[in-house]
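**Q** Throughout the sequence shown, residue numbering follows mature numbering (1 follows the signal peptide of the UniProt record, and there is no 0), covering -22 to -1, 1 to 355 in sequence.
Glycine is no exception: its CB is placed at the ideal position from the N, C-alpha and C atoms.
Note that the coordinates shown come from a computational prediction; the quantities given were computed from them, not determined experimentally.
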Amino acid sequence: MRVLRSSAVTAVAVAAALTAVSGCSGKSDGKDSDAITVKASDDACEVSKTSFPAGHVTFKVQNKGSKVTEVYVYAAGDRIVTERENIGPGTKAEITATIKKAGSYEIACKPGMKGDGIRQKITVTGNDKAEKSNPELDKAVAEYRKYVQQQADETIPAAQKFADAVKNGDVDEAKKLYAPSRTGWERTEPVAESFGDIDPKVDVREDGLEKDQKWTGWHKLEKSLWADNKITDEDKQLAGQLMTDLKDWQKRVGTAEITPTSMANGAKELLDEVATGKVTGEEERYSHTDLADFQANVEGARKAYELLKPVAGKNDAALTQELDKQFGALEQLLGNYRDGDGFKAYDGVGADDRKKLSDAVNALAEPLSKLAGAVAK
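Rendered as structure tokens:
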């Protein structure tokens, strides 16, 4: 969900050619001199290079501001290719990507996590030279594409049951079906969010609304069901609109730009989702079904990682060993909060337990942030 998060953003608005590392075996020498430094502050977005050749590129982001920041890579029309979230004041982050075609792009920093951000134009010259395909990475991308489509396909009937319950005015049944209707979306959220026009319709929280934006989607219905404990005629209409928007996502998800590093960066984004929304209890503030979303985010991150692991393991065996360890630890800890087929309500999880969950998420997020670099070696 793209909403007010504890982060200030660097968004790279790029044409569809900006792919978060393609399924190629081209190597990057990793020299700092080749990296593009992005200095994000509360009122500026400084870029060290405004022109550079197509190919593998590393953005080294420095948060010089007082607010947490996140970094997006956009395709034309603000179509998100990749992002890096949760970059705290005074900290740094690195994003590995591949820009395959020449053209005009933008880098935008979003202090405060809202709006279009402070944008800087950049120019990519030439075209990335054809590189020998890496069969293992090609397979990983193909399998992940199948997974993403499957999640979208499975979301539709689950969401339809939820929408039907809302349309029928059945509050209790709608509450029961709410969390399961979101699982597929949460597992593949970075890909879903890459269509910048869909996410604000289906998954925005009230505090993430832009000026004059009408509130629609899951969280509007969540508030009606739990905070108001009633279903209005407008809610019934919104349930229908939710299905229209989700079917649009299902239809378009097959066209998403999916590459090895977009998968790796997406896995990290899912952990950022957990850190900034689920662990804090902000995501499902009315239903308190945060742990169900938490589980789905971790499952989605694990899927991307497992598909990339054969290549990442060859390039950085120590990293994959650490990731195996931290994924296992987080999954085991999360299992402690299961309740039947679901999870305990998050408002019943105390501060000490939330701290344990947060620590486990952070322990996984740190090595996971290095996965894209390992894949791109």
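Pull the bridge partners of P31 from the DSSP assignment, please.
**A** T103
**Q** Kindly indicate which residue of L342, G291, Q299 and L187 has the alpha-carbon position closest to the one of L311.
**A** L342
**Q** Give the single residue among Y52, I58 and G90 whose Cα lies nearest to the Cα of N64.
**A** G90
**Q** Would you mind sorting L349 into buried or exposed? The rule is 16 or more other CB atoms within 10 Å of its CB.
**A** Here L349 is buried. Its C-beta has 16 or more other C-beta atoms within 10 Å.
**Q** Counting pairs of beta carbons, one from the region 176 to 184 and one from the region 221 to 238, are three or more of them closer than 8 angstroms?
**A** Put simply, the region 176 to 184 touches the region 221 to 238. At least three CB pairs are less than 8 angstroms apart.
**Q** Pull up the distance between the alpha-carbon of D56 and that of R183, whole angstroms please.
**A** 20 angstroms
**Q** Around the Cβ of N293, are there at least 16 other Cβ atoms within 10 angstroms (buried) or fewer (exposed)?
**A** exposed
**Q** Across which residues does DSSP place G81 in a beta bridge pair?
**A** V102
**Q** Using the beta-carbon count (16 or more within 10 Å), is Q304 buried or exposed?
**A** buried
**Q** Looking at the secondary structure, which residues open and close the beta strand (DSSP E) in which E24 lies?
**A** C23 to V25
**Q** Keeping to the same chain, check which residues put their C-beta closer than 6 angstroms to that of E121; ignore five residues upstream and five downstream.
**A** L285
**Q** Secondary structure at S(-17), three-state DSSP: helix, strand or coil?
**A** The predicted position of S(-17) is uncertain, since its pLDDT is 35 and thus under 50; no value can be drawn from it.
**Q** For A157 and G318, which I take to be in contact (beta-carbon distance under 8 angstroms), what is that distance rounded to the nearest angstrom?
**A** With a Cβ gap of about 12 angstroms, A157 and G318 do not count as contacting.
**Q** Between A141, L216 and L346, which has its C-alpha nearest K154's C-alpha?
**A** A141
**Q** With a cut-off of 8 angstroms, does the C-beta of E114 fall near any C-beta of chain C?
**A** Looking at the structure shown, chain C is missing, and only one protein chain is on hand.
**Q** Per the DSSP calculation, T15 is bridged to which residue(s)?
**A** Beta-bridge pairing links T15 to K38.
**Q** With a threshold of 7 angstroms on Cβ separation, who are the neighbours of R332 within its own chain once the five nearest residues in sequence on each side are excluded?
**A** Taking R332 as the centre and dropping the five residues before and after it, the same chain places the C-beta of V257 closer than 7 angstroms to its C-beta, in chain order.
**Q** Counting C-beta neighbours from all protein chains within 10 Å, is the total for Y83 16 or more, i.e. buried, or is it exposed?
**A** buried
**Q** Enumerate in chain order the residues of its own chain whose CB-to-CB distance from Y324 is below 6 angstroms, with the five nearest sequence positions on each side excluded.
**A** G259, H266, D268 and L269
**Q** Does the contact criterion of 3 or more C-beta pairs under 8 angstroms hold for the region 24 to 43 versus the region 91 to 101?
**A** yes
**Q** Going along the chain, which residues of its own chain have a beta-carbon closer than 6 angstroms to the beta-carbon of A253, five neighbours each way excluded?
**A** N64 and V339
**Q** To the nearest angstrom, how far is the alpha carbon of K201 from that of T222?
**A** 20 angstroms
**Q** Less than 7 angstroms between C-beta atoms, sequence neighbours within five positions excluded: which residues of the same chain meet that for E114?
**A** P288 and V289
**Q** Can you tell which of R316, D116 and I236 has its C-alpha closest to the C-alpha of T166?
**A** Nearest to T166 by alpha-carbon distance, out of R316, D116 and I236, is I236.
**Q** Classify N275: buried if its beta carbon has 16 or more other beta carbons within 10 angstroms, exposed otherwise.
**A** Answer is buried; the Cβ neighbour count reaches 16.
**Q** Would you mind working out which of E262, V102 and E300 sits nearest K79, comparing C-alpha positions?
**A** Checked all of E262, V102 and E300; the closest Cα to K79 is V102.
**Q** When you compare only the Cα positions, how much space is there between D271 and L346?
**A** 19 angstroms
**Q** For a quick check, are the C-beta atoms of F30 and V16 less than 8 angstroms apart?
**A** At least 8 angstroms separates the beta-carbon of F30 from that of V16.
**Q** Using only alpha-carbon positions, find the residue among E344, N314, V149 and E164 that is nearest to K334.
**A** N314
**Q** At which residues does the alpha helix (DSSP H) containing Y122 begin and terminate?
**A** P113 to K145
**Q** Ordered along the chain, which non-local residues of its own chain (more than five positions away) have a Cβ less than 8 angstroms from that of Q191?
**A** P178 and V182
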